[in-house]
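Numbering (my numbering), first residue to last: 132 to 273.
All residues carry an ideal CB built from backbone N, CA and C; glycine is no exception.
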């Protein structure tokens, strides 16, 4: 069964401080998936349970965060990584969700909501709602 996440990004800071989407990745299991832009939203389609996607955002040249979402054992999961270094890309981070360690534990928790603060006290949040194979994911960047 395929899964579709409609992703909405909400930013609550002044437009001059907005984070910009700079990278998207898809894990290669369960026939992988695709990212596409549609009507001001992102649509992430996965071939089946066991895969995921990451979105990396940047503010300027030195502030990065990554939002992760996917389906594990037929249930959605989310994660957020803040205070990433410039070289910590979504591409090199993605395998960590499947190779053991803390990120794999986060996937296995199957949390539909994850909220973290960066070193400057700004809040980053990802929330997944909906049931079955179609969900809405909202990303909040303070």
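- According to the DSSP secondary-structure assignment, residue 255 is paired through a beta bridge with 247 and 272.
- Spatial neighbours of residue 231 in its own chain (CB-CB distance under 6 Å, excluding positions within 5 residues in sequence) are not present.
- For the pair residue 210 and residue 187, the CB atoms are not nearer than the 8 Å cut-off.
- In this structure, the beta-carbon distance from residue 160 to residue 181 falls below 8 Å.
- Among the bridge pairs identified by DSSP, residue 142 is matched with 272.
- Taken atom to atom, the span from the alpha-carbon of residue 253 to that of residue 273 is near 6 Å.
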